[in-house]
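K.L.:
Just so you know, the protein sequences line up as chains A, B, C and D, in that order.
Letter by letter, the first sequence follows residues 1412 to 1748 of my numbering.
Letter by letter, the second sequence follows residues 1412 to 1748 of my numbering.
Letter by letter, the third sequence follows residues 1412 to 1748 of my numbering.
Letter by letter, the fourth sequence follows residues 1412 to 1748 of my numbering.
For every residue, glycine included, the Cβ atom is placed at its ideal position computed from N, Cα and C.
Protein chains: 4
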Amino acid sequence: MIKVAIVGATGYSGRELIKILIRHPEVEIVWLSGKVEKVTPISTIFPELKGRIELDCYDFVFDNKTAGSADLIFLAVPHRVSMDIAPRFLSLGKKIIDLSADFRLNDPLLYKKWYGVEHKSARLLSEAVYGLPEIYRSQIRGASLIANPGCYPTSVILGLAPLLNPGFVELNSIIVDAKTGISGAGRVPQIFTHYSERNESIKGYKILSHQHTPEIEQELTKLAKRRVSITFVPHLVPMDRGILSTIYLTLKRCTREKDILEMYKDFYDKEPFIRIQDQAPDTKDVLNTNFCDIFLIAKKRQIVIFSVIDNLWKGASSQAIQNMNIMFGFEEGTGLR
Amino acid sequence: MIKVAIVGATGYSGRELIKILIRHPEVEIVWLSGKVEKVTPISTIFPELKGRIELDCYDFVFDNKTAGSADLIFLAVPHRVSMDIAPRFLSLGKKIIDLSADFRLNDPLLYKKWYGVEHKSARLLSEAVYGLPEIYRSQIRGASLIANPGCYPTSVILGLAPLLNPGFVELNSIIVDAKTGISGAGRVPQIFTHYSERNESIKGYKILSHQHTPEIEQELTKLAKRRVSITFVPHLVPMDRGILSTIYLTLKRCTREKDILEMYKDFYDKEPFIRIQDQAPDTKDVLNTNFCDIFLIAKKRQIVIFSVIDNLWKGASSQAIQNMNIMFGFEEGTGLR
Amino acid sequence: MIKVAIVGATGYSGRELIKILIRHPEVEIVWLSGKVEKVTPISTIFPELKGRIELDCYDFVFDNKTAGSADLIFLAVPHRVSMDIAPRFLSLGKKIIDLSADFRLNDPLLYKKWYGVEHKSARLLSEAVYGLPEIYRSQIRGASLIANPGCYPTSVILGLAPLLNPGFVELNSIIVDAKTGISGAGRVPQIFTHYSERNESIKGYKILSHQHTPEIEQELTKLAKRRVSITFVPHLVPMDRGILSTIYLTLKRCTREKDILEMYKDFYDKEPFIRIQDQAPDTKDVLNTNFCDIFLIAKKRQIVIFSVIDNLWKGASSQAIQNMNIMFGFEEGTGLR
Amino acid sequence: MIKVAIVGATGYSGRELIKILIRHPEVEIVWLSGKVEKVTPISTIFPELKGRIELDCYDFVFDNKTAGSADLIFLAVPHRVSMDIAPRFLSLGKKIIDLSADFRLNDPLLYKKWYGVEHKSARLLSEAVYGLPEIYRSQIRGASLIANPGCYPTSVILGLAPLLNPGFVELNSIIVDAKTGISGAGRVPQIFTHYSERNESIKGYKILSHQHTPEIEQELTKLAKRRVSITFVPHLVPMDRGILSTIYLTLKRCTREKDILEMYKDFYDKEPFIRIQDQAPDTKDVLNTNFCDIFLIAKKRQIVIFSVIDNLWKGASSQAIQNMNIMFGFEEGTGLR
């Protein structure tokens, strides 16, 4: 039994963390904080939690008592906040799983370029482990600071990983046409996510300029062992949850679909949360699960890959808990089925 | 050909006014204002208007040149703003159609009770005409200041008017269970209308306390010629547009459905925008129209009435233009079919 | 550990039964049947189940081997089918939880009137226990045949039960304006539930003629110990899941809201799945849960009650499993949290 | 003033044709037919039409009196039906605008390959004019048989046409990731378009195998004057209306975005229904309009083009009426603004 705290409990990732953790047999939530004007029961903020957790949510201010006896702290806060508070928690001996982007990029200059500010804890970047269990499981085990992957990167990296051995793919051919539910934009009201603006309409946004692009490229580059650049175009879909990444790429030579599928099945053979589907997946198929469903079609040298996740689960909160399970030696799927 | 201006062009009612008016053969829009940081083409704010209207939108400040040569000004502004600016425009000889609630209640004390502030132009309340053409057509004809009805009141009053002759209905039995699309809450982002909050869920709100209640009661009282109180419960439905008011009431004595239907058909005989349907209407049936569709079922003394409108059209903008047509002697449906 | 079978596994209630049961520690699913052209893995029908259950689904034909070693059979079939097959399963010593309407009405004449056919197993009607645990827990314990309540009845009866002591409510004043997600209409495609017909629109249907009316009246009558008739008007809401019943009634005398709330809290004091909320509930608050959330407002003699459930969970499948837990002596919430 | 008939008035394209034509000053609808069990007022089938058109809809059977005095017949019927009935109407001297795919492909073998049946009127294929006014305006003027373009092809061809001059684009690099609202699948209920299946989920379908692929390739090939093959992947989006085609391609050499935009503006200079937008378009921006909105971003040799239309308007019915206007010498936008 470990004790955990959540900073950012009033956002959607925070809410999902709570919903998963209250059913987790090895965890006790001891402290919640978020954006609140005064101390407020979390079940007043999220009435769906009534009767399921009796805990107050505090407005976040850092001091030595913050997060109290917690062994592990989930940071479900906006970018730029984590890099400020993570070092302080680490210095108190807490472990950290950071759901923001602050520790995902290895290169502080890249961070500055894409997030617009100087990185305040650049020295931690080399310590942080990128929390994608299917790729970094052994490093996660001993980590103190997990950079939990972004939602788009999770779907794209898992969708591509089995193909990225040298010499197989035209690395400059990768196009990702991604589609997300609106919850990915968070819980702070904006015209961008106003009901009547987004309902019954689809549009592209941050075209070729989404901040998840360097994160995806960094990880694909490591897997391919050579520089990978992608064309990444996200879209807002009129639904609450789910990401579908439709990935297009060209192989160096014609390969039978069956052989490619075999590569995927081998690569993910032991993975409990990757499913190779034999029909095009619906984002709904993975709703409220930690699954990533993958489907592909090959035609001569062209491949189209479909990778779907729940953006708030495998794309954020349930993956964070999968990481926690690994860090603390619990069975990896505990609380996630 | 008349010249019109719109104050509040950046909201949803403003946008719909523009969309209807650009097809109106007797109207030229000469001036637009709204909440903008700097002068901005209206087609930048609403890209759907590109190529359909070339006009800039100004941030609203009142001076003698405001609205320029306009004969008529539509005020599509929040409550409390209209009562401030309407008198100034009137004193410049402009006609006004006010889409806010400021001139709908005859009693300034009632206004204060429900809207929380003192009415600043109380003397205009007796001059303002309630712009429901089916009831007040002749008064609208000569009016200078129209109080355009609220969306819920339009659907409820039209749904009930034919029954309110004395002695027919148990006046204290009226219950209105109303359902609205989210656009009714306007275009300013709030947690209340955030996509992920409202999507895939229905809830009641402002239960027995919605500010449209006194407006409905005032008008029903006039029609019934005795005091009417109602039970009014609105709900937020996960859709953009449309209002369905389901109205329950008890008759003083059993009446055949057929006879009641006859009363409705007689009452609305010459009305171009009221349709008595013979099946339960969908809110979608009246989308982008000025129609109010009504359907009813009677069983002994109990009647259930369904009244649907497009909240942004008959419940706001197209009704405002219907009023304009009457005021200026145009054929009543001009631009509305 | 018990063994269960599901007849009707290819519908939405069947799917939800499977999703709940595969996480239930005391249950093994041994047999699935439904509408299939040939034996098909259930995970082909519902790809979301891939990797979570490996079981084939058979086309339903009754013989002595059907359902094999199951101790309990869930019938998630259309009305009129259950009354045909339930007796056969019972004669094989199986226990039955029937999610159809076939055993809910005590009076076979009422069944004929509302469902249009003669009841084939009328003698079983007195044996069947109405599976609403909050009211019939002790009878459920020893039952062999559970008539699992309808979705609307569950929300309405639970919303009203605490008030129905004699002399408190004007029993002829009850109006239920109910709103349901589309999944309530099942998985068989019809124009009525076609995406483009239902999307972005709300409408009433089966007005004063919905087949759940006599079920609700029967149970309210038992609770009140005198004849209760209600006005019941259901509506289709553009969402997948959830029911909100807005219930209007008149008290015999003015009562303080606080006192009425007290009655609710007392009545449901020990109930793990009833939550008295202090704000108007969203249907989303109970999604994928066995909760029924209740909220009310009183004003003089008028009361408005909001009762929300997930129509496929507390309104069907999770309630069926709650009944199973009671029948077999498992802790009542097992598998439901 | 011309007289028109519609075959297939009970589908969504038929409904939209009616809604546009009843406002068209030069047209009288004289006859409607569709799938009906008996002669039925069209306003019973579509209650939204009540009071707007009083015409019966007949079940379709061909004889010499069919379509009566109509000068022009719209065929809004499933594929395979048009090729059967179009020749008969032509031989009666009627003009035809066919909204099905039957006359879009020039090569009957290609038709057989993609639509699975022998073409019955192959000799008409050379007579039929592909009804995309922006490309074939002069041929449309004199045509008797118009093959109205498919919804996807309209968005893709218009999105690409300005670039297809020889030597500019890598013709084998074109990838189209298309997204459609559900109404594109028609009005016949199927599990595929069942509300609860499609709501809140996105998925790819007919991947690399959609029947619009050869139509797009045929037209791009004509424009480019050399063989063009594309990668075409359509997706179903949880909304009723609208298509967004996101088109990826590689240029032969780096070109400034500004120069490419200039090519688009020149190409569509005089076109009333093409708008080059300066921000990523929402499908909602063109709802209920005949507009195609185009936006693009270029980065070195990579271009991403966004092309949005209303699938039932510019993608079907309003484009059919645009074609009618051209054929009969009416101002091209009559009835479409």
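Consider the Cβ of H1605(D): report whether some Cβ of chain C lies at a distance smaller than 9 Å.
P.N.:
yes
K.L.:
Along the segment 1450 to 1473 of chain A, where does the CB come closer than 7 Å to a CB of chain C? Name the residues.
P.N.:
P1458, E1459, K1461 and G1462
K.L.:
Indicate whether the contact test is met: 3 or more Cβ pairs, each with one atom in the segment 1608 to 1617 of chain D and one in the segment 1574 to 1584 of chain A, closer than 8 Å.
P.N.:
no
K.L.:
Buried or exposed: where does D1474(B) fall if 16 or more other Cβ atoms within 10 Å of its Cβ makes it buried?
P.N.:
exposed
K.L.:
Within 9 Å (strictly less), CB to CB, does E1611(B) reach chain A?
P.N.:
yes
K.L.:
Please state whether DSSP places W1724(C) in a helix, a strand or coil.
P.N.:
coil
K.L.:
Interface residues of chain D around G1653(A) at Cβ under 8 Å?
P.N.:
E1611, S1612 and I1613
K.L.:
Under 9 Å Cβ-Cβ, which residues of chain C neighbour T1694(B)?
P.N.:
Under the 9 Å cutoff, chain C gives E1611, S1612, I1613 and K1614.
K.L.:
In whole angstroms, what is the alpha-carbon distance linking N1734(A) and T1700(A)?
P.N.:
Rounded to the nearest whole angstrom, the C-alpha separation of N1734(A) and T1700(A) is 15 Å.
K.L.:
State whether the segment 1416 to 1428 of chain D contacts the segment 1469 to 1488 of chain D, with contact taken as three or more CB pairs (one from each stretch) at a distance under 8 Å.
P.N.:
yes
K.L.:
Which term fits C1562(A), buried or exposed, when burial requires 16 or more other beta carbons within 10 angstroms of its beta carbon?
P.N.:
buried
K.L.:
By the criterion of Cβ-Cβ separation under 8 Å, what are the contact partners of N1699(B) in chain D?
P.N.:
Result: N1699.
K.L.:
By the three-class DSSP mapping on this structure, what secondary structure does Q1629(A) have?
P.N.:
helix
K.L.:
What's the call for G1746(A), buried or exposed, on a 16-neighbour Cβ count within 10 Å?
P.N.:
buried
K.L.:
Any C-beta of chain A sitting closer than 9 Å to the C-beta of E1608(B)?
P.N.:
Yes, E1608(B) lies at the interface with chain A (some Cβ there is under 9 Å from its Cβ).
K.L.:
What number of angstroms, rounded off, separates the C-alpha of I1429(C) from the C-alpha of K1695(C)?
P.N.:
21 Å
K.L.:
What does the alpha-carbon distance come out to for the pair I1708(D) and L1460(D)?
P.N.:
42 Å
K.L.:
So, using beta-carbon positions, are T1624(C) and F1643(C) closer together than 9 Å?
P.N.:
Yes. Within cutoff.
K.L.:
Since Q1690(C) meets chain A, which of its residues come closer than 7 Å, beta carbon to beta carbon?
P.N.:
Taking a Cβ-Cβ cut-off of 7 Å, the neighbours of Q1690(C) in chain A comprise P1458, given in sequence order.
K.L.:
Just checking: is the beta-carbon of F1741(C) within a distance shorter than 9 Å of some beta-carbon in chain A?
P.N.:
Not one chain A Cβ lies under 9 Å of F1741(C).
K.L.:
So within the segment 1587 to 1613 of chain D, which uninterrupted beta strand (DSSP E) runs reach at least 3 residues, ignoring any that extend past its ends?
P.N.:
none
K.L.:
Tell me, please, whether the CB atom of R1598(C) is closer than 9 Å to any CB atom in chain D?
P.N.:
yes
K.L.:
Just to confirm my understanding: we take S1690(D), look at its own chain, exclude 5 residues before and 5 after, and list those with CB closer than 7 Å. What are they?
P.N.:
Inspection of the sequence shows that residue 1690(D) is occupied by Gln rather than by Ser. Contacts found: F1706.
K.L.:
With a Cβ-Cβ cutoff of 9 Å, do L1543(A) and F1514(A) count as a contact?
P.N.:
No.
K.L.:
Go through its chain and collect everything with a Cβ distance to R1638(B)'s Cβ below 7 Å, but skip five positions before and after it.
P.N.:
T1632
K.L.:
If you drop the 5 nearest sequence neighbours on each side, which residues of the same chain put their C-beta closer than 8 Å to that of L1521(B)?
P.N.:
P1625 and Q1629
K.L.:
How is the alpha helix (DSSP H) around R1463(B) delimited, first residue to last?
P.N.:
Per DSSP, R1463(B) belongs to no alpha helix (DSSP H) and is neither H nor E.
K.L.:
What number of angstroms, rounded off, separates the C-alpha of V1580(C) from the C-alpha of P1692(C)?
P.N.:
Taking the Cα positions, V1580(C) is about 23 Å away from P1692(C).
K.L.:
Would the beta-carbon of L1582(C) fall within 9 Å of that of A1727(C)?
P.N.:
no
K.L.:
In the DSSP output, what is A1709(A) paired with across the bridge?
P.N.:
I1714(A)
K.L.:
Between the C-alpha atoms of W1724(A) and E1427(A), what's the straight-line distance to the nearest angstrom?
P.N.:
7 Å
K.L.:
For the beta strand (DSSP E) that G1445(D) lies in, which residues bound it at each end?
P.N.:
V1438 to G1445
K.L.:
Which of helix, strand or coil does DSSP assign to S1656(B)?
P.N.:
Residue state for S1656(B) is assigned as strand, using DSSP reduced to three classes.
K.L.:
If I1671(C) sits next to I1714(C), beta carbons under 8 Å apart, how far is it from one beta carbon to the other, in whole angstroms?
P.N.:
7 Å
K.L.:
Can you pull the DSSP bridge partners for F1684(D)?
P.N.:
Paired residues: none, contrary to the question.
K.L.:
Name the residues in the segment 1427 to 1448 of chain D whose C-beta lies less than 8 Å from a C-beta of chain B; which are they?
P.N.:
Hits within the stretch, in order: R1434.
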